[in-house]
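Accompanying notes for the structure given below.
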């Protein structure tokens, strides 16, 4: 079952299409990341799904409703939430008061104290918004989103500008939403965050999807390389294994077949009468795969549901 089921979406602003008949599905209860460079059509697609922008053609269902239909959109507003990268909150209000006011907009809101507990802000319930740290402000944004008990949450750059401790805390909160059955559509330039959180990733470029699948699927199917390195053995002079180079005094080989390279390095060491030390093998990350994808314009992995 899909929380989002969109087919053949196009969007034309009058100067040419921004979205070229794309289809996009997000299974219920998953965290789906939507990636793409600036100008790729990502924001347009998100706004169409949220009901804040009309489509030129195509079919869109969000929680079984059409966000482009006024009556359906009115229902959707009580069933989904949007957390923008930057939000404007009254600095002179207390955390509790701003949550109470927000809760009044929903027919069956989450209890304010429960919302504060979920985002670990109970001790700040009487604090003014202007006194909160950036990380606390971001957790307040999430508390506001959770107040309406959303089935679907659109989350934009949740940890941008936060310190490592705050980032870890926010990521834990987002992962917990999946455990509670909430569907999350995540947009982020932090690919480490995406790799950690997302069940699936869709990459859009020039108004079309160029890759879809789990983070591991995209990494395996990309042109990104595994990095094999080891300390340069003494007495080998300029003799290096095939395909190797010296980088900061270490021998480095880029490969898409690490097992074959390790065997080749071991054979080379035997021939040289030396031993390998300080061996490290660093597989490619989603960040590496994404960069390679956009640089090469090709992804070899098959698209998957």
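Numbering (UniProt numbering), first residue to last: 1 to 305. We put the CB at the ideal spot given by N, CA and C, even for glycine.
Residue interval of the alpha helix (DSSP H) (run including residue i)
| i | result |
| --- | --- |
| residue 199 | Unbroken run through residue 199: none, as it is neither H nor E. |
| residue 57 | Per DSSP, residue 57 belongs to no alpha helix (DSSP H); it is in the beta strand (DSSP E), 57-62. |
| residue 122 | Per DSSP, residue 122 belongs to no alpha helix (DSSP H) and is neither H nor E. |
| residue 43 | 42-50 |
| residue 217 | 215-220 |
| residue 76 | 70-76 |
Inter-residue Cα distance where the pair is residue i and residue j
| i | j | result |
| --- | --- | --- |
| residue 93 | residue 63 | 33 Å |
| residue 46 | residue 70 | 17 Å |
| residue 286 | residue 108 | 39 Å |
| residue 257 | residue 242 | 14 Å |
| residue 119 | residue 81 | 16 Å |
| residue 219 | residue 261 | 19 Å |
| residue 76 | residue 293 | 35 Å |
| residue 222 | residue 234 | 35 Å |
| residue 89 | residue 173 | 21 Å |
| residue 122 | residue 95 | 9 Å |
| residue 130 | residue 140 | 12 Å |
| residue 178 | residue 265 | 44 Å |
| residue 246 | residue 198 | 36 Å |
| residue 290 | residue 97 | 42 Å |
| residue 66 | residue 175 | 27 Å |
| residue 128 | residue 101 | 14 Å |
| residue 190 | residue 170 | 13 Å |
| residue 252 | residue 270 | 18 Å |
| residue 167 | residue 84 | 16 Å |
| residue 79 | residue 225 | 42 Å |
| residue 216 | residue 157 | 21 Å |
| residue 110 | residue 181 | 15 Å |
| residue 115 | residue 163 | 23 Å |
| residue 255 | residue 267 | 17 Å |
| residue 133 | residue 193 | 21 Å |
| residue 150 | residue 142 | 11 Å |
| residue 38 | residue 195 | 20 Å |
| residue 68 | residue 35 | 23 Å |
| residue 17 | residue 165 | 42 Å |
| residue 25 | residue 161 | 30 Å |
Residues that DSSP places opposite residue i in a beta bridge
| i | result |
| --- | --- |
| residue 2 | 27 |
| residue 11 | 19 |
| residue 83 | 155 |
| residue 255 | 226 |
| residue 128 | 94 |
| residue 338 | Outside the modelled stretch of the chain, which goes from 1 to 305, sits residue 338, for which no answer is possible. |
| residue 265 | Answer by DSSP bridge pairing: none, since residue 265 is not bridged. |
| residue 146 | Partner(s): none; residue 146 has no beta bridge. |
| residue 250 | 231 and 247 |
| residue 280 | 229 |
| residue 32 | 185 and 200 |
| residue 65 | 62 |
Assigned exposure category for residue i - 16 Cβ within 10 Å defines buried
| i | result |
| --- | --- |
| residue 202 | buried |
| residue 86 | exposed |
| residue 304 | Low confidence applies to residue 304: its pLDDT is 34, below 50, so where it sits in the model is not reliable, and the reading given next is rough at best. Per the 10 Å Cβ criterion, exposed. |
| residue 124 | buried |
| residue 105 | exposed |
| residue 41 | buried |
| residue 144 | buried |
| residue 300 | With a pLDDT of only 41 at residue 300, under 50, the local geometry of the prediction cannot be trusted, and no value is derived from it. |
| residue 239 | exposed |
| residue 117 | exposed |
| residue 263 | exposed |
| residue 288 | buried |
| residue 212 | buried |
| residue 147 | buried |
| residue 280 | exposed |
| residue 11 | buried |
| residue 282 | exposed |
| residue 74 | exposed |
Beta strand (DSSP E) segment containing residue i, residue limits
| i | result |
| --- | --- |
| residue 98 | Element bounds for residue 98: not the beta strand (DSSP E) but the alpha helix (DSSP H), 95-103. |
| residue 162 | First-last for residue 162: undefined, no H or E at that position. |
| residue 245 | 245-247 |
| residue 186 | 183-187 |
Evaluate the contact criterion for the stretch 275-287 versus the stretch 225-240: three or more CB pairs, one atom per stretch, below 8 Å.
Touching, yes.
With contact counted as at least three CB pairs below 8 Å, one residue from each stretch, are the stretch 181-195 and the stretch 29-46 in contact?
The stretch 181-195 vs the stretch 29-46: in contact.
Is the stretch 7-21 touching the stretch 204-211, taking contact as three or more C-beta pairs under 8 Å?
Taking 8 Å as the limit for Cβ pairs, the verdict is that the stretch 204-211 does touch the stretch 7-21.
Check whether the stretch 1-20 and the stretch 53-60 touch, using three or more Cβ-Cβ pairs below 8 Å as the test.
Short answer: they touch.
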